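**Q** Let me begin by handing over the structure; questions about it come next.
In my numbering, the protein residues as written are -1 to 243.
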């Protein structure tokens, strides 16, 4: 659904980062590549990314306060066991430190800069502060508020994530009614947003692809968000067309 009036009541946009602004599937596949080559794991990048999704989510549920680089390290170890291989401490450490190397989607920087002219910009990200800081440098925009899993003490889709974000909004002069959430992952973002009555926009980066890639699937029967765009560029055009001058 898109209308020229859709976004005129919002003063701020909160974003998921990885999968929405940062091309984490490409980044994850690239980070897997040296390990897979060394251990002769001949699995397609798409299948590796799907394996990543299942193990990463399990680890985040089991250890919600674990910092994200350590989550990634353990994810590689579990993926390795799944394919009857091993991961050395050095390989696990390199994989855990790879977030800063994950590339930005081609339209993210320009879209964020355009949106920044009209909206306050907020991050609700499933990583730690240091990992996000490395990605933030690639995004080339100053966010008005940044809330990470490290701040929440749990990973999305935790029921704590959006309430923690709402608690921080007064620090930038906002409340939850001013905010619209923008994300790719139905599992990590749109489901928990719907549970707390938070409106959201789906940036469907995987449009035309089968499966859910680096995220687990949403619950059976989950209703997709009302707003859906194939890119940040398309969303920015719609949001700016309807934003108050």
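Even for Gly, the Cβ is constructed at its ideal location relative to N, Cα and C.
Quick caveat, the model's predicted, so the values are computed rather than measured.
Grouping DSSP H, G and I as helix and E and B as strand, with all else coil, what is residue 226?
**A** The residue given as residue 226 occupies position 228 in the chain shown. Looking at residue 226 - three-state DSSP - the assignment turns out to be strand.
**Q** Do you know how far the Cα of residue 235 is from the Cα of residue 3?
**A** Position 5 of the chain shown holds residue 3. Position 237 of the chain shown holds residue 235. Low per-residue confidence applies at residue 3: pLDDT is 49, beneath 50, and the placement is therefore not dependable enough to give any value.
**Q** Look at the alpha carbon of residue 138 and the alpha carbon of residue 17, and state the distance between them as a whole number of angstroms.
**A** Against the chain shown, residue 138 aligns to sequence position 140. Against the chain shown, residue 17 aligns to sequence position 19. Rounded to whole angstroms, residue 138 to residue 17 spans 17 Å at the Cα level.
**Q** Flag this pair as touching only if the stretch 183 to 200 and the stretch 9 to 26 have three or more C-beta atom pairs under 8 Å; answer yes or no.
**A** Because the criterion of three Cβ pairs below 8 Å is met, the stretch 183 to 200 and the stretch 9 to 26 touch.
**Q** Report the option in 110, 189 and 136 whose CA atom is closest to the CA atom of residue 160.
**A** Residue numbering aside, residue 160 sits at position 162 when the chain shown is read from its first letter. Looking at the Cα atoms, 189 is the closest of the given residues.
**Q** Is the beta carbon of residue 121 closer than 8 Å to that of residue 97?
**A** Taking the first residue of the chain shown as 1, we reach residue 97 at position 99. Taking the first residue of the chain shown as 1, we reach residue 121 at position 123. Result no, Cβ atoms of residue 97 and residue 121 do not sit closer than 8 Å.
**Q** Please name the residue or residues paired with residue 236 in a DSSP beta bridge.
**A** As a first step, residue 236 must be located in the chain shown, where it is residue number 238. DSSP output for residue 236 lists no bridge partner at all.
**Q** When the Cβ atoms of the stretch 71 to 83 are set against those of the stretch 22 to 37, are three or more pairs found closer than 8 Å?
**A** Touching, per the Cβ criterion.
**Q** Between the stretch 123 to 133 and the stretch 147 to 163, can you find at least three pairs of beta-carbon atoms closer than 8 Å?
**A** Because the criterion of three Cβ pairs below 8 Å is met, the stretch 147 to 163 and the stretch 123 to 133 touch.
**Q** Output the residue ranges of the beta strand (DSSP E) runs that lie fully inside the stretch 153 to 239 and measure 3 residues or longer, sorted by chain position.
**A** As far as the stretch 153 to 239 is concerned, its whole beta strand (DSSP E) runs of at least 3 residues are 177 to 181, 198 to 201 and 225 to 227.
**Q** Determine the DSSP secondary structure at residue 41, reduced to helix, strand or coil.
**A** The residue labelled residue 41 in the question sits at position 43 within the chain shown. Coil.
**Q** So, is the C-beta of residue 19 closer than 8 Å to a C-beta in chain D?
**A** Of the protein chains in the structure, only one exists, and it is not chain D.
**Q** With distances taken from CA atoms, which of 175, 197, 43 and 66 is nearest residue 54?
**A** On the chain shown, position 56 is the one that residue 54 refers to. Closest option to residue 54, Cα to Cα, is 66.
**Q** Alpha carbon to alpha carbon, how far is residue 231 from residue 63?
**A** For this step, residue 231 is matched to residue 233 along the chain shown. For this step, residue 63 is matched to residue 65 along the chain shown. Looking at the two C-alpha atoms, the distance is approximately 34 Å.
**Q** With 16 other CB atoms within 10 Å as the buried threshold, where does residue 134 fall?
**A** Counting from 1 along the chain shown, the entry for residue 134 is found at position 136. Its Cβ being crowded by 16 or more others within 10 Å, residue 134 is buried.
**Q** Taking the straight line between their C-alpha atoms, what separation do you get for residue 88 and residue 29?
**A** Taking the first residue of the chain shown as position 1, residue 88 is located at position 90. Taking the first residue of the chain shown as position 1, residue 29 is located at position 31. Answer to the nearest angstrom: the Cα atoms are 13 Å apart.
**Q** At the level of alpha carbons, what is the spacing between residue 213 and residue 9?
**A** Against the chain shown, residue 213 aligns to sequence position 215. Against the chain shown, residue 9 aligns to sequence position 11. Computed Cα separation, rounded: 29 Å.
**Q** Which residues in the same chain have their Cβ closer than 6 Å to the Cβ of residue 216, if we skip the five residues on either side of it in sequence?
**A** Translated into positions along the chain shown, residue 216 becomes position 218. So the qualifying residues of the chain are 184, 185 and 189.
**Q** Count the other CB atoms, across all protein chains shown, that sit within 10 Å of the CB of residue 208; report buried if there are 16 or more and exposed otherwise.
**A** The residue given as residue 208 occupies position 210 in the chain shown. It counts as exposed.
**Q** Go to residue 18, then tell me how far its alpha helix (DSSP H) extends in each direction, as first and last residue.
**A** The residue labelled residue 18 in the question sits at position 20 within the chain shown. Element bounds for residue 18: n/a, residue is neither H nor E.
**Q** Hey, would you say residue 205 sits closer than 8 Å to residue 228, going by beta carbons?
**A** Position 207 of the chain shown, counted from the start, is the residue given in the question as residue 205. Position 230 of the chain shown, counted from the start, is the residue given in the question as residue 228. Yes, the Cβ-Cβ distance between residue 205 and residue 228 is below 8 Å.
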